[in-house]
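Participant:
In my numbering, the protein residues as written are 11 to 584.
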């Protein structure tokens, strides 16, 4: 451990200031220290692996999405691999290549020696990253195999139950519970590992369809016998404290569980249909949902303007876009970046999606007259510095939010408009006096989520004449300075991802936002005060000041290889 700390200091990852920020408990546990360095973005995983390789004198191997042969996987039981965090990589004769997360772990080393003797193999050890290990160990199992195994158990249970007498009804109910629990657990775990945002359990006429929403698209994952649908729904209801015997009306609940060492929250919604209750589980992974502004998709002027607004002592910051465009993620990322002991952050949400330590979060309940408007009045008596209101839906909430921003608070919220500049006329339509908008509205941003190209298989392609014409026309008003901020260089290229094991042969992996951001300036203020609320004139002034439109932002990201041109056009033109 001392050598590891010394190496971190020699490589400039830890300095005196950073050491003071870390507790003794963290500094004395290498695994915890690595996790903390990654969480704080002080180091990346690849750098830490290289340092450990140097200290342990063990070569590094990058697995990525490499497919491990079945012959190799069979040499090490999954339970052993998971416990000691090593995986077989390749088997050639009596030679076995093994990837270990921690080659210095004595227990793992002894376990590997024991297996090698049992199987008459000679192991060669390589150092692998924790993320490569997690990817590799999933190859032991597939959703179909695991659910199939659990269903076999369930079928056996049901067959035995059918042969039992009515006097043993209670015993039958208990015995059927374990296989159903396993089916639900397997579905949930595979959804999380696949990076899904939602799980859909849908009753059809003769079967149950399980679908995962991945990168905004629904994919059918597996079909189950219709006779177990009620049992699966009951299991989910038990987990989320819903009424099992109430099937006539929709219900909402939530629960959490630990998967691969991470606490994952699930928001559950049941909905009655003719064939039974449909259940949707929204997966809320705090570690996956929030990153940095750059990871969200803020680049160049957009990043500069948005960050500047968050550093103001007061003002209204509004994010706009349709449902599912990532507005909440942008707000949570902003709040976490601003969260500290010196500020009091209070939120009103519907519902609370991510629980954030140090932030006072409250969920509105319209059924008891606890709305955004009434909650906002109460928040102002809580001595807040920063306020987040989930959505401005009515005149009263708009007025209160504007008043709060005018009286020394930073206020974040969302609206539904087609573009950023539409925020101004929308506020006026909601009853906010035009003269109140310039001193309160600091920044307005619009966004859409688009699918990222898989960076494992992305490759450049030549630009066609029609594509070049479109790109030149759209980027005609973008300055050379802004193009440099995106890292663009002539000649431009577009990119495609044909698909590979890392992205499940989809060609896309994850999503990124495209933005347009404007800030209130004296020139824009004059237009508002003159009640010149034409979106065309407001947009012309914002463009004159250098605002980058979503289409321009998206096309420049396409030229960087983040997304495809087709995906940009779909997002901005739909």
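Heads up, the beta-carbon is just placed ideally off N, CA and C, and yes, glycines get one too.
Thinking C-alpha only, which one of 289, 236, 60, 339 is nearest residue 302?
Facilitator: For the purposes of this step, residue 302 is identified with residue 292 of the chain shown, where counting begins at 1. Nearest C-alpha to residue 302: 339.
Participant: Which of helix, strand or coil does DSSP assign to residue 231?
Facilitator: Translated into the one-based positions of the chain shown, residue 231 becomes position 221. Of the three classes helix, strand and coil, the one that applies to residue 231 here is strand, per DSSP.
Participant: With a cut-off of 8 Å on the beta carbons, I'd call residue 543 and residue 449 a contact; round off their distance for me.
Facilitator: Along the chain shown, read from residue 1 onward, the residue named residue 543 stands at position 533. Along the chain shown, read from residue 1 onward, the residue named residue 449 stands at position 439. At roughly 17 Å, the Cβ-Cβ gap does not stay under 8 Å, so residue 543 and residue 449 are not in contact.
Participant: For residue 221, count the other beta carbons within 10 Å of its own beta carbon; 16 or more makes it buried, fewer makes it exposed. Which is it?
Facilitator: Along the chain shown, one-based indexing puts residue 221 at 211. Buried.
Participant: Along the chain, where does the alpha helix (DSSP H) containing residue 328 start, and where does it finish?
Facilitator: By one-based count along the chain shown, residue 328 stands at place 318. That residue, residue 328, is in no alpha helix (DSSP H); its beta strand (DSSP E) goes 325–330.
Participant: Just to confirm, is the Cβ distance from residue 441 to residue 408 under 9 Å?
Facilitator: Within the chain shown, the letter at position 431 stands for residue 441. Within the chain shown, the letter at position 398 stands for residue 408. Cβ atoms of residue 441 and residue 408: closer than 9 Å.
Participant: Using the C-alpha atoms, what's the distance from residue 280 back to residue 262?
Facilitator: For the purposes of this step, residue 262 is identified with residue 252 of the chain shown, where counting begins at 1. For the purposes of this step, residue 280 is identified with residue 270 of the chain shown, where counting begins at 1. Cα-Cα distance, rounded: 7 Å.
Participant: Can you tell me whether residue 482 is helix, strand or coil according to DSSP?
Facilitator: Indexing the chain shown from 1 puts residue 482 at position 472. Residue state, collapsed to three classes: helix.
Participant: List the whole-angstrom C-beta distance separating residue 364 from residue 294, where the pair is believed to meet the contact cut-off of C-beta under 8 Å.
Facilitator: For the purposes of this step, residue 364 is taken as the residue at position 354 of the chain shown. For the purposes of this step, residue 294 is taken as the residue at position 284 of the chain shown. The Cβ separation is near 6 Å, so the contact holds.
Participant: I'd like to know whether the C-beta atoms of residue 59 and residue 122 end up nearer to each other than 9 Å.
Facilitator: To locate residue 59, count along the chain shown from 1; it is residue 49. To locate residue 122, count along the chain shown from 1; it is residue 112. Not a contact, by the Cβ cut-off of 9 Å.
Participant: Whose C-beta lies closer than 7 Å to the C-beta of residue 425 among residues of the same chain, with five residues either side of it excluded?
Facilitator: Numbered from its first residue, the chain shown carries residue 425 at position 415. Within the same chain, residue 425 has close Cβ partners 328, 330, 402, 433, 436.
Participant: Using 10 angstroms around the beta-carbon of residue 567, count the other beta-carbons present and answer buried if the total reaches 16, otherwise exposed.
Facilitator: By 1-based counting over the chain shown, the position of residue 567 is 557. Buried.
Participant: Per DSSP, what kind of secondary structure is residue 506 in: helix, strand or coil?
Facilitator: To locate residue 506, count along the chain shown from 1; it is residue 496. Strand at residue 506.
Participant: First and last residue of the alpha helix (DSSP H) that includes residue 595?
Facilitator: The structure shown does not extend to residue 595, since the chain is modelled only from 11 through 584, so no value can be given for it.
Participant: What are the boundary residues of the beta strand (DSSP E) that residue 225 is part of?
Facilitator: Taking the chain shown and counting its residues from 1, the one referred to as residue 225 is at position 215. First-last for residue 225: undefined, no H or E at that position.
Participant: Tell me which same chain residues have a C-beta within less than 6 Å of the C-beta of residue 47, skipping the five on either side of it?
Facilitator: Position 37 of the chain shown, counted from the start, is the residue given in the question as residue 47. If we look at residue 47 and ignore the five residues flanking it on each side, its Cβ neighbours are 53.
Participant: Leaving out five residues on either side along the sequence, give the residues of the same chain with a beta carbon under 6 Å from the beta carbon of residue 421.
Facilitator: Stepping through the chain shown from its first residue, residue 421 is reached at position 411. So the list reads 326, 397, 411, 414, 415, once near-sequence residues are dropped.
Participant: With H, G and I counted as helix, E and B as strand and the rest as coil, what does DSSP make of residue 457?
Facilitator: Counting from 1 along the chain shown, the entry for residue 457 is found at position 447. Of the three classes helix, strand and coil, the one that applies to residue 457 here is strand, per DSSP.
Participant: Between which two residues does the alpha helix (DSSP H) harbouring residue 493 extend?
Facilitator: Taking the chain shown and counting its residues from 1, one reaches residue 493 at position 483. Residue 493 -> alpha helix (DSSP H) spans 490–495.
Participant: Starting from residue 583, follow the beta strand (DSSP E) in both directions and report where the run begins and ends.
Facilitator: Locating residue 583 in the chain shown gives position 573, counting from the first residue. Residue 583 -> not in any beta strand (DSSP E); alpha helix (DSSP H) instead, spanning 575–583.
Participant: Using C-beta distances below 7 Å, list every residue in its chain close to residue 191, excluding the 5 sequence neighbours before and after it, in chain order.
Facilitator: Locating residue 191 in the chain shown gives position 181, counting from the first residue. Around residue 191: 245.
Participant: Taking the DSSP output, what are the residues bridged to residue 525?
Facilitator: In the chain shown, residue 525 corresponds to position 515, counting from 1. Paired residue(s): 457.
Participant: Suppose contacts are defined by Cβ-Cβ distances below 9 Å. Is residue 537 in contact with residue 548 by that definition?
Facilitator: Looking up residue 537 in the chain shown gives position 527. Looking up residue 548 in the chain shown gives position 538. The answer is yes: Cβ separation under 9 Å.
Participant: Need the endpoints of the beta strand (DSSP E) that residue 344 sits in, please.
Facilitator: For the purposes of this step, residue 344 is taken as the residue at position 334 of the chain shown. Looking at the DSSP string, residue 344 is not in any beta strand (DSSP E); the run it does join, the alpha helix (DSSP H), is 337–348.
Participant: Span of the alpha helix (DSSP H) holding residue 117?
Facilitator: One-based indexing of the chain shown puts residue 117 at position 107. Element bounds for residue 117: 116–129.
Participant: Quick check: what's the CA-CA separation for residue 217 versus residue 286?
Facilitator: As a working note, residue 217 is residue 207 in the chain shown. As a working note, residue 286 is residue 276 in the chain shown. Rounded to whole angstroms, residue 217 to residue 286 spans 11 Å at the Cα level.
Participant: Please state if the CB of residue 276 and the CB of residue 197 are separated by a distance shorter than 9 Å.
Facilitator: Your numbering for residue 197 matches position 187 in the chain shown. Your numbering for residue 276 matches position 266 in the chain shown. No, Cβ-Cβ distance for residue 197 and residue 276 is not below 9 Å.
Participant: Applying the 10 Å Cβ sphere with the 16-neighbour rule, what's the burial state of residue 71?
Facilitator: Here the question's residue 71 lines up with position 61 in the chain shown. Label assigned to residue 71: buried.
Participant: Start and end of the alpha helix (DSSP H) containing residue 80?
Facilitator: Here residue 80 refers to the residue found at position 70 when the chain shown is read from its first residue. From DSSP, the alpha helix (DSSP H) with residue 80 extends over 80–83.
Participant: Under three-state DSSP, which class holds residue 18?
Facilitator: Within the chain shown, residue 18 is the residue found at index 8, counting from 1. Residue state, collapsed to three classes: helix.
Participant: Indicate whether residue 571 and residue 465 have their beta-carbon atoms separated by less than 9 Å.
Facilitator: Position 561 of the chain shown holds residue 571. Position 455 of the chain shown holds residue 465. Yes.
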